[in-house]
Amino acid sequence: MDLWVVILVGILALVAGVALGFFIARRYMMTYLKKNPPINEQMLKMMMMQMGQKPSQKKINQMMSQMNKMQK
Numbered sequence: 000m001d002l003w004v005v006i007l008v009g010i011l012a013l014v015a016g017v018a019l020g021f022f023i024a025r026r027y028m029m030t031y032l033k034k035n036p037p038i039n040e041q042m043l044k045m046m047m048m049q050m051g052q053k054p055s056q057k058k059i060n061q062m063m064s065q066m067n068k069m070q071k
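Position one of the sequence shown corresponds to residue 0 (numbering that gives the first Met the number 0), numbered consecutively onward.
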């Protein structure tokens with residue numbers, strides 16, 4: 000009977016550890032991406048210039064707002 004208790008406690012601890020680790024990692028990544036967005040206005044402007052487009056501020060603002068909507 001004691002063996003079953005040990006196995007059950009071990010499985011419960013493993014499941015709780017995995018769940019807790021997932022939520023902690025998810026929260027960390029969300030705060031990291033909020034502080035360090037993957038693309039900012041300067042990077043977007045440089046990419047558009049490399050593609051041969053002359054970016055206007057209006058176009059950059061539209062693309063940034065669309066990217067922000069996609070992230071949320």
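Don't be surprised by glycine CBs; every beta carbon is placed ideally from N, CA and C.
Please read these numbers as outputs of a predicted model, since none were measured by experiment.
Check, Outcome
"C-beta atoms of E40 and M63 nearer than 8 angstroms", "yes"
"Euclidean distance between Cα positions of Q3 and F22", "According to the sequence as given, residue 3 is Trp; it is not Gln. If I take the Cα positions, the gap works out to 29 angstroms."
"Q52, enclosing alpha helix (DSSP H) - first and last residue", "Looking at the DSSP string, Q52 is not in any alpha helix (DSSP H), and its letter there is neither H nor E."
"Nearest neighbour of K57, chosen from A12, L19, K44 [CA to CA]", "K44"
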